[in-house]
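Sequential numbering of the sequence shown, starting at 1, is according to UniProt numbering. Taking it in order: structure first as structure tokens, then the write-up.
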Amino acid sequence: MACARTTLRTALRELSASWPKPRLSCGAPGEDGRTAADLFADRDWLNRLLAAQTRITPGLDAKAQAAYLASYYATTIATAGAGLLVGYGMVPDLSPDRIVLSIDPARDELAFQDIAVRFPANPVAADGGDMAGAFRQQVEAHFRPLVVALNRITGLPRQALWRLVGDALGSAFLDAGEKLDALDEAAETGLAVLKEPGSPLFNCQLHYFEVSVVRPDDVPATRKVLARGGCCRLYTAPGGALCASCVLQKPGDRERLAGEALRRELVAGGA
């Protein structure tokens with residue numbers, strides 16, 4: 001973990017070496033962008049962004065569009081949040097009326113990788129040093145108005161939307177752990193954020209597991225994998241199917257598919 005005196009601005013700049021997108025910054029809002037609170041309350045903007053998800057996967061119905069939007073946007077916020085928490089011990093201020101977003105529904109790239117996110121300049125202080133708890137509270141406050149809005153527009157249940165937010169966080173903590181060489185710490189922190197009873201992020205199905213295979217050179221290889229608690233509803237689109245880590249996968253199939261994926265990567269990489 002970096003020095004405690006590292007500023008949020010410096011931390012975001014350093015994280016950009018591992019995550020060049022989304023474009024992250026902090027400080028006073030500029031002329032570009034709108035607050036998350038403003039955008040989440042703009043039904044026309046949300047409808048245009050929902051419809052734009054069909055450019056990623058044609059044939060998505062309204063609920064699947066909401067699932068995609070929630071997943072991709074949550075990944076954007078989770079990527080920054082997990083990197084700051086694991087790498088720097090910082091909790092970013094995610095207040096929807098203070099965080100500024102630049103997202104254009106007319107763009108072709110709508111996986112939320114090319115957007116700009118501007119955080120308030122000062123991170124959040126954690127009561128009693130409970131960094132995971134402080135981050136959880138920030139995530140809940142940030143996503144609550146979006147979850148409510150997407151539920152009203154599309155009918156996708158709020159619990160389903162919160163599960164997708166949780167999946168994005170769980171995956172982001174693994175990614176942060178791998179890139180910052182702190183995998184066990186990151187996974188532990190991720191579970192501390194996600195497994196608080198009473199939190200809308202809590203669900204029993206989400207967890208991490210390990211798969212082990214033998215590499216082509218006969219050396220064992222192990223990977224920590226996220227077992228998701230939610231479903232992006234890709235299977236409802238024409239030609240769609242369940243994702244390998246989907247909560248709807250049959251018991252045992254998720255582990256088998258994760259092992260097969262690891263084996264293919266090792267073979268392709270010549271390991």
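Where is the CB? At the ideal position from N, CA and C, for every residue including glycine.
Span separating the alpha-carbon of residue i from that of residue j
i: P58; j: A51; result: 10 Å
i: T75; j: V139; result: 12 Å
i: T189; j: F173; result: 8 Å
i: P157; j: N151; result: 6 Å
i: V148; j: R55; result: 24 Å
i: Q53; j: D44; result: 15 Å
i: S25; j: L84; result: 12 Å
i: D97; j: D32; result: 15 Å
i: R228; j: T6; result: 33 Å
i: V214; j: N47; result: 47 Å
i: V219; j: G155; result: 49 Å
i: L39; j: V211; result: 41 Å
C-beta atoms of residue i and residue j nearer than 9 Å
i: C116; j: G27; result: Note on identity: in this sequence residue 116 is Ala, with Cys being the wrong assignment. No. Outside cutoff.
i: V91; j: A126; result: yes
i: G257; j: Q249; result: Going by the sequence as given, residue 257 is Leu instead of Gly. In contact: L257 and Q249 (Cβ atoms closer than 9 Å).
i: L194; j: L206; result: yes
i: R136; j: L191; result: no
i: Y235; j: A244; result: no
i: L169; j: A66; result: no
i: P145; j: A37; result: yes
i: A82; j: A237; result: no
Exposure label - residue i; buried when at least 16 CB within 10 Å
i: C3; result: In this predicted model, C3 has a pLDDT of only 45, less than 50, meaning its place in the structure is not dependable; the value taken from the coordinates is given anyway. That one is exposed.
i: C232; result: buried
i: D167; result: buried
i: P123; result: buried
i: residue 303; result: The structure shown does not extend to residue 303, since the chain is modelled only from 1 through 271, so no value can be given for it.
i: P22; result: buried
i: D181; result: exposed
i: C246; result: buried
i: G239; result: exposed
i: D175; result: buried
i: F209; result: exposed
i: S171; result: buried
Paired residues, beta bridge with residue i - DSSP
i: S102; result: A116
i: T222; result: S212
i: R34; result: L101
i: A227; result: H207
i: S25; result: R118
Presumed contact (8 Å Cβ cut-off) between residue i and residue j, rounded CB distance
i: L49; j: I77; result: Contact doesn't hold; Cβ gap of about 15 Å is too wide.
i: I103; j: F119; result: With 8 Å as the limit, I103 and F119 do not qualify as a contact, their Cβ atoms being about 15 Å apart.
i: R34; j: L101; result: 7 Å
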